[in-house]
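Trainee:
Number of protein chains: 2
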Amino acid sequence: MRAFFFLLTFLCSLALCGADGYQLWLRHRLIEDPTARQQYQRALSFVDAAVQGPTGNSAVRELRSGLTNLLGTAPATSPAKKRSQGIYLGLRQSSSRIRQYLQSNAVEDLGPEGYHLASYQGDVLLIADQEQGLLYGVFDLLRAIQTGEDLTNLQRTERPAYQYRILNHWDNLDGTVERGYAGFSIWNWHQLPEFIDQRYVDYARACASVGINGTVVTNVNANSLVFRADYLEKAAALADVFRPYGIKLYLTARFSSPVELGGLPTADPLDPQVIAWWKSKAAEIYARIPDFGGFVVKANSEGQPGPREYGRSHAEGANVLADALAPHGGIVVWRAFVYTDKAGGDRFREAYDEFTPLDGAFRKNVLLQIKNGPIDFQPREPVSPLFAAMPQTPLLLEFQITKEYLGQGTHLVGMASLYTEVLGTDLAPNQAGGEIREYITGMAGVSNIGTARNWTGNLFGQADWYAFGRLSWGPELPANTIFREWAKLTFGPDPTVVTTVTELLEKSYPACVNYMTPLGLHHIMATGHHYGPGPWIDDLERDDWNPYYYHGATRDSVGFDRKASGSKALAQYPAEFARQFLDPTTCPPEFLLWFHRLPWTFALPNGNSLWQELGLSYQRGVDQVAEMQTLWASLENRVDRERHLHVSQHLAIQAKEARWWRDACLAYFSAVSGLPIPAGVTPPKHSLEYYRSLVYPYAPGIRPQW
Amino acid sequence: MRAFFFLLTFLCSLALCGADGYQLWLRHRLIEDPTARQQYQRALSFVDAAVQGPTGNSAVRELRSGLTNLLGTAPATSPAKKRSQGIYLGLRQSSSRIRQYLQSNAVEDLGPEGYHLASYQGDVLLIADQEQGLLYGVFDLLRAIQTGEDLTNLQRTERPAYQYRILNHWDNLDGTVERGYAGFSIWNWHQLPEFIDQRYVDYARACASVGINGTVVTNVNANSLVFRADYLEKAAALADVFRPYGIKLYLTARFSSPVELGGLPTADPLDPQVIAWWKSKAAEIYARIPDFGGFVVKANSEGQPGPREYGRSHAEGANVLADALAPHGGIVVWRAFVYTDKAGGDRFREAYDEFTPLDGAFRKNVLLQIKNGPIDFQPREPVSPLFAAMPQTPLLLEFQITKEYLGQGTHLVGMASLYTEVLGTDLAPNQAGGEIREYITGMAGVSNIGTARNWTGNLFGQADWYAFGRLSWGPELPANTIFREWAKLTFGPDPTVVTTVTELLEKSYPACVNYMTPLGLHHIMATGHHYGPGPWIDDLERDDWNPYYYHGATRDSVGFDRKASGSKALAQYPAEFARQFLDPTTCPPEFLLWFHRLPWTFALPNGNSLWQELGLSYQRGVDQVAEMQTLWASLENRVDRERHLHVSQHLAIQAKEARWWRDACLAYFSAVSGLPIPAGVTPPKHSLEYYRSLVYPYAPGIRPQW
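Chains A and B, in that order, give the protein sequences.
Quick note on full-length UniProt numbering: the first sequence kicks off at 1 and runs consecutively.
Quick note on full-length UniProt numbering: the second sequence kicks off at 1 and runs consecutively.
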């Protein structure tokens with residue numbers, strides 16, 4: 001009776017709060033299957049931990065609370081009786097049990113963040129060389145239990161592929177988030193340093209649990225105010241929260257800070273006063289934040305100040321900051337996303353043209369951060385040619401986790417598909433190790449996190465944050481594996497749910513590309529907020545701001561010629577990689593209009609004309625979203641009501657907007673080409689004028705327009 | 001063993017989510033005392049409900065889930081055995097049991113929202129004349145159980161004092177909140193109407209539970225876009241969520257909408273096209289929202305458009321909107337917060353001078369909404385003289401729940417003290433029924449709600465939302481009663497916690513007045529964001545925008561003469577009420593500088609000079625905050641860690657800022673008066689120049705400054 005009574009209240013309390021998504025993938029629910037639960041209880045009856053530092057202590061705290069919630073009982077701190085089984089956790093020399101294991105088992109160097117997990121004579125051992133490795137090992141072990149892994153043959157060594165695994169928050173000091181679709185910034189600068197929101201701790205836990213070890217808390221469109229003493233004190237308070245979870249804090253540096261904040265007449269990087277200002281500012285920061293990560297800089301791009309105002313190169317600019325940070329062990333992350341202020345030329349080319357001459361000119365502690373594609377986080381882009389062109393410069397790959405161009409706050413799009421496609425792109429098909437993932441030393445992800453109760457607004461946005469972290473640790477993980485993991489951790493072990501959610505995620509990315517930008521169309525979103533289609537826009541100041549510029553559709557043809565006959569951007573790739581794109585008849589159709597200008601009548605390998613295929617692709621995207629809705633609907637009684645309704649409502653918006661994209665784009669291209677809507681494609685619901693007339697002044701993601 | 005095991009997981013699950021504040025005062029935790037729990041279980045074993053409409057159904061749903069969570073068992077739908085006791089709920093004629101009771105017990109007319117609660121032969125009866133009354137009765141009953149009330153002698157009839165009990169959200173369509181300190185707007189206009197956030201439902205539940213029956217979801221600084229067809233569809237979706245909880249939706253009407261949205265050449269209220277535009281817009285709204293509440297209008301105030309641009313009066317402007325709404329049963333709420341664009345004059349006077357000539361000129365369905373004080377939500381203001389001056393016009397009293405001038409997002413200030421002081425202020429001391437609460441037909445409260453997980457950012461801000469609602473239903477409730485109720489509902493029954501939290505709340509308001517604006521100082525906050533002190537500011541365009549204007553401190557004297565010798569504003573009050581303020585030697589000290597300009601040497605009743613008393617008041621405010629910190633610290637082991645830490649951190653900010661106010665204001669007034677800091681007052685920590693130099697460009701609550 002009492003048991004039943006507690007069960008009931010327990011379930012009620014879950015109903016009240018269990019399904020709001022706040023707990024992310026760290027939803028350590030009681031394991032429902034009693035057999036499995038008892039096995040784990042027996043095998044993990046104690047946690048024998050030997051740790052010293054704050055990171056080790058977080059590891060043990062996470063393990064204890066995780067086990068308590070998963071198994072329903074708190075683990076002991078040592079074996080209760082002679083035969084009881086449990087977990088031994090520590091550095092190599094920390095406990096006799098671990099030393100004993102290492103005598104008979106060779107475990108190679110684990111590095112500063114790696115760990116070794118092994119089952120040994122019925123116990124589970126977690127071994128690391130430094131305590132940060134224990135933290136990652138703990139989250140791995142908890143994940144193994146959550147996903148029902150058999151621990152009896154545990155035997156694995158894990159090391160992160162990259163030293164730099166960093167989130168970029170485009171968060172402004174006033175609380176707004178650029179390209180943010182999940183509410184306000186979670187950083188309450190106004191109430192820092194005194195008020196430490198529980199969210200800051202849970203944020204650090206979530207990041208650490210997927211291997212993220214750095215965070216840039218300010219927008220790349222930077223504000224020099226963050227270098228003011230009181231703001232550095234606020235930043236230091238955040239760093240203090242992140243430190244025990246192995247996360248370093250970075251700040252964006254506005255290049256003109258010496259003028260705006262320092263009151264100097266110039267920010268010329270070669271001016272002695274400017275050099276001195278950066279040195280002393282760096283010293284001031286490290287006095288407050290001894291493990292400060294460094295500066296991230298967006299310079300001479302989209303109106304941001306930079307070295308070129310003073311006739312200096314990006315290298316000259318970056319090196320001054322790098323020299324200021326070097327004595328303290330900090331780095332400069334310099335963004336390659338720049339394009340000249342003067343119009344004309346092909347923006348696809350610009351980062352390459354700007355930076356390749358500078359390869360080798362940067363200090364050792366400067367990293368170049370390159371967006372995955374040459375233009376700007378489009379639904380589908382060929383990779384940036386820069387990755388293969390900076391052999392002497394350490395590179396970070398920048399992905400967008402927030403979905404500025406992929407449905408923003410509402411569309412379900414499993415970004416892991418995009419990430420893995422890029423990471424696996426082979427720039428040197430004829431030799432080994434030519435994949436993008438081999439060229440880089442780290443990954444940066446533009447955060448999709450905000451004050452929404454579930455962090456990402458769209459529940460499935462959590463999967464993108466999760467995927468970015470997991471891939472920054474193990475870039476060879478297949479998307480499918482990540483989707484399955486996330487599905488289990490988020491919705492529990494029901495195999496039907498796991499399989500269906502995984503299928504949903506796998507279908508979602510191709511669907512989005514189809515209903516937004518099939519066949520290599522790109523940058524045809526409405527201007528500013530980028531919400532919805534705007535392929536007709538051609539009245540903006542400079543041509544490469546206009547969607548029209550990127551397809552140039554006429555009565556006869558469409559597409560952007562980047563071959564030798566055109567902008568020659570294709571020549572920026574290694575020849576053996578570029579080859580696949582040269583001939584439109586063999587070019588992968590998904591990239592066709594990125595590189596070729598073709599007649600609407602151009603015949604594709606499948607026999608369809610370009611125009612037919614364009615129409616059918618849009619239609620396919622719409623149909624695929626409908627399939628996604630059906631898949632999710634099938635889980636109605638297997639997922640809690642609150643989350644099921646949440647996702648169903650967002651899918652309804654996605655379906656509506658997929659039709660909007662299809663109808664608006666086909667109405668436009670049909671009007672331009674004079675061709676009728678192809679057979680098998682639902683004709684547009686409204687006139688082109690109607691779609692052109694739609695205005696959304698308060699679409700989220702940009703600074704509010706008053 | 002199993003019982004223990006479930007208890008443990010139950011507690012863990014609470015630890016994970018129980019203390020984030022999202023559940024507000026509807027935190028229906030399991031009653032811990034087994035004896036009390038079993039008594040309630042026996043007395044409330046079933047819910048026999050006879051309801052038809054959506055509101056009745058919400059009432060039953062709330063009662064069932066509330067009982068299930070409080071008692072740990074779900075109530076049956078009818079008596080299990082002959083002798084079992086339970087709840088009968090319905091309209092007068094709905095069930096035999098209720099009819100039986102009414103034969104022997106006369107229950108007078110309950111009106112559309114009232115209810116009768118009675119214990120009858122061991123059962124509990126909840127009776128109403130309309131189903132909305134059942135909803136309020138259910139929340140009353142649940143509150144009674146949460147607070148441990150004995151139900152055996154239940155016998156009460158409740159009716160709201162006012163027909164209009166309305167929240168005003170100063171929320172912009174882009175998601176920002178003017179004077180909001182709890183994150184973004186909870187209204188996600190962009191994703192409406194398809195996406196219905198669970199928050200909308202929980203918001204409606206919380207409002208209904210304290211008697212609120214209307215909500216204005218848009219800012220009084222209005223945007224005509226909300227009248228565009230797609231936005232009306234979004235608004236209708238919100239109205240659909242609110243309807244089952246008895247809450248009507250209102251929108252703010254921008255007076256220039258006929259021009260901005262309608263494309264008319266004018267918004268002149270007497271122009272036939274304009275009249276027609278408002279009529280058809282009203283019809284369009286009611287076609288989507290049959291129970292639409294009406295328009296709230298801020299006209300010709302702080303840059304908002306209005307009738308005076310066309311040489312028309314506020315009455316002529318309001319009546320056109322009123323005529324458009326009248327056929328549908330809607331009202332116009334016209335705000336009295338206006339002041340002329342031309343400088344000079346005493347702003348204290350302006351609303352009175354503007355509106356008293358119009359008394360009787362408004363349509364029957366126009367209500368005038370008057371802020372509690374004549375200036376602007378100051379920490380302590382004398383009441384607005386308008387309340388007694390508009391006998392032919394129905395009046396709404398406007399309070400601020402968000403604390404623009406009372407510590408904003410961090411200070412703990414129990415606003416019920418302010419509300420009850422105003423409601424109880426007697427404008428006709430020599431006759432009965434002269435209290436402000438007798439002059440009004442409703443209350444409006446400027447919301448403090450945002451996307452913060454706990455809704456109000458500052459946990460104790462929940463108490464202000466709660467207090468506003470309870471007082472709009474029962475304006476005679478003492479603050480102490482409200483504080484006790486809220487403390488029990490929020491932190492549970494522990495008498496030490498309840499007593500301490502109540503004491504904390506009672507101390508808080510006088511403390512805030514002391515450390516910000518003692519002795520009748522007012523409007524001396526920093527300009528724009530109003531964050532922190534700025535008594536020295538005197539360089540703004542028009543004099544009455546300058547804090548200096550409101551005290552005019554010189555070497556000799558300080559204060560604002562509003563007597564016959566000054567602005568004559570005092571003459572706007574009924575003579576018998578004004579009398580108490582006329583003579584500075586008998587004027588209540590808390591209002592002294594509101595009405596008198598006095599030498600620093602002026603002797604107060606207690607023998608102190610004005611200067612001494614000013615200093616000692618600031619010191620007292622600082623000391624009182626320290627006492628509040630001590631009180632809260634004493635609850636460390638009686639309140640869950642998360643909420644205790646949350647409040648402790650905010651109290652630390654309040655203590656720091658209280659010292660800031662004391663030091664900055666005394667440094668300034670000491671410099672002006674040339675008088676030394678009085679004995680018994682801690683001298684300012686920094687120079688006046690230091691305090692004048694502080695700038696906070698991103699203090700929250702105003703539209704972001706780029």
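Quick reminder that beta carbons are idealized off the backbone N, C-alpha and C, glycines included.
1) Please report the Cβ distance between V210(A) and G424(A), rounded to the nearest whole angstrom; I am assuming they are in contact, meaning their Cβ atoms lie under 8 Å.
2) Can you pull the chain A neighbours of G175(B), defined as C-beta to C-beta under 7 Å?
3) Cα-Cα, which of G532(B), A564(B) and T527(B) is closest to Y549(B)?
4) Looking at C-beta atoms only, is the number of pairs between the segment 159-175 of chain A and the segment 441-454 of chain A that lie closer than 8 Å three or more?
5) Using CA atoms only, rank isn't needed, just tell me which of P684(B), T402(B), V333(B) and R243(B) is closest to K656(B).
6) Listing by chain order, which chain B residues have their CB less than 7 Å from the CB of W189(A)?
7) If the cut is a Cβ gap below 8 Å, which residues of chain B does T410(A) touch?
8) Does the segment 290-300 of chain A come within contact of the segment 207-225 of chain A, defined as at least 3 CB pairs closer than 8 Å?
9) How about T215(B): is its C-beta nearer than 9 Å to some C-beta of chain D?
10) Tell me whether V51(B) sits in a helix, a strand or coil according to DSSP, three-state version.
11) Counting along the chain, where does the alpha helix (DSSP H) carrying S119(B) start and finish?
12) Counting only C-beta atoms, is V241(A) closer than 9 Å to chain B at any point?
13) Quick one: which chain B residues come within Cβ less than 7 Å of G183(A)?
14) Tell me, please, whether the CB atom of Y548(A) is closer than 9 Å to any CB atom in chain B?
15) Does DSSP put Q400(B) in a helix, a strand or coil?
16) State the CB to CB distance for the pair A428(B) and E576(B), rounded to an integer number of angstroms; the pair is presumed to be in contact (CB under 8 Å).
17) On the three-state DSSP scale, how would you describe F46(B)?
18) Please confirm whether T420(B) and P478(B) have their CB atoms less than 9 Å apart.
19) Following the continuous alpha helix (DSSP H) through Y509(B), name the residue where it begins and the one where it ends.
20) With 9 Å set as the bound, which would you pick, yes or no: does the beta-carbon of E642(A) sit closer than that to a beta-carbon of chain B?
21) Have a look at L63(A), L110(A) and E503(A) and flag the residue whose alpha-carbon is nearest the alpha-carbon of L89(A).
22) Please state whether DSSP places S670(B) in a helix, a strand or coil.
23) Buried or exposed for H596(A), going by 16 or more other Cβ atoms inside 10 Å?
24) Let me know the secondary structure DSSP gives K281(A) once reduced to three states.
25) Against Q146(A), what residues of chain B qualify as contacts under a CB-to-CB distance less than 9 Å, listed in chain order?
26) Spell out whether any CB of chain A is found under 9 Å from the CB atom of R692(B).
27) Examine the Cβ distances between the segment 178-186 of chain B and the segment 483-496 of chain B and report whether three or more of them are shorter than 8 Å.
28) Give every residue of the same chain whose Cβ lies closer than 6 Å to the Cβ of A315(A), excluding the five residues on either side of it in the sequence, and list them in chain order.
29) In the DSSP assignment, what are the bridge partners of N168(A)?
30) For a test of the three-state rule: what should DSSP assign to W465(B), helix, strand or coil?
31) Please classify W187(A): does DSSP put it in a helix, a strand, or coil?
32) Just the Cα atoms here: how many angstroms apart are F4(B) and V498(B)?
33) If you measure from the beta carbon of Q649(A) to each beta carbon in chain B, is any gap under 9 Å?
34) Would you grab the beta carbon distance between L412(A) and E503(A) for me? Rounded to a whole angstrom, and I think it's under 8 Å.
35) May I ask which residues mark the beginning and end of the alpha helix (DSSP H) holding P258(B)?
36) Name the two residues that bound the continuous alpha helix (DSSP H) containing Q163(A).
Mentor: The relevant details are as follows:
1) With a contact defined as Cβ atoms closer than 8 Å, V210(A) and G424(A) miss out at about 20 Å.
2) P700
3) T527(B)
4) yes
5) P684(B)
6) Y698
7) Correct list: Q191 and F195.
8) yes
9) No chain D appears in the structure shown, which is made up of the protein chains A and B.
10) V51(B) sits in coil when the DSSP states are folded into three classes, being neither helix nor strand.
11) Unbroken run through S119(B) is the beta strand (DSSP E), Y115 to Y120; no alpha helix (DSSP H).
12) no
13) G183, F184 and T451
14) no
15) strand
16) A Cβ-Cβ separation of about 7 Å places A428(B) in contact with E576(B) under the 8 Å criterion.
17) Strand.
18) yes
19) P495 to M516
20) yes
21) L63(A)
22) DSSP places S670(B) in helix when its eight states are reduced to three.
23) buried
24) helix
25) Those within 9 Å of Q146(A) in chain B number zero; the least Cβ separation is about 15 Å.
26) no
27) The segment 178-186 of chain B and the segment 483-496 of chain B do not touch, with fewer than 3 CB-CB distances between them shorter than 8 Å.
28) L358, A361 and F362
29) V216(A) and V446(A)
30) helix
31) coil
32) Model confidence at F4(B) stands at a pLDDT of 40, short of 50, so the residue's coordinates are unreliable; what they give is reported in the following sentence. Approximately 29 Å between the Cα atoms of the pair.
33) yes
34) Rounded, the Cβ-Cβ distance is 12 Å, inconsistent with contact.
35) S257 to E260
36) Note, Q163(A): premise wrong, no alpha helix (DSSP H); not H, not E.
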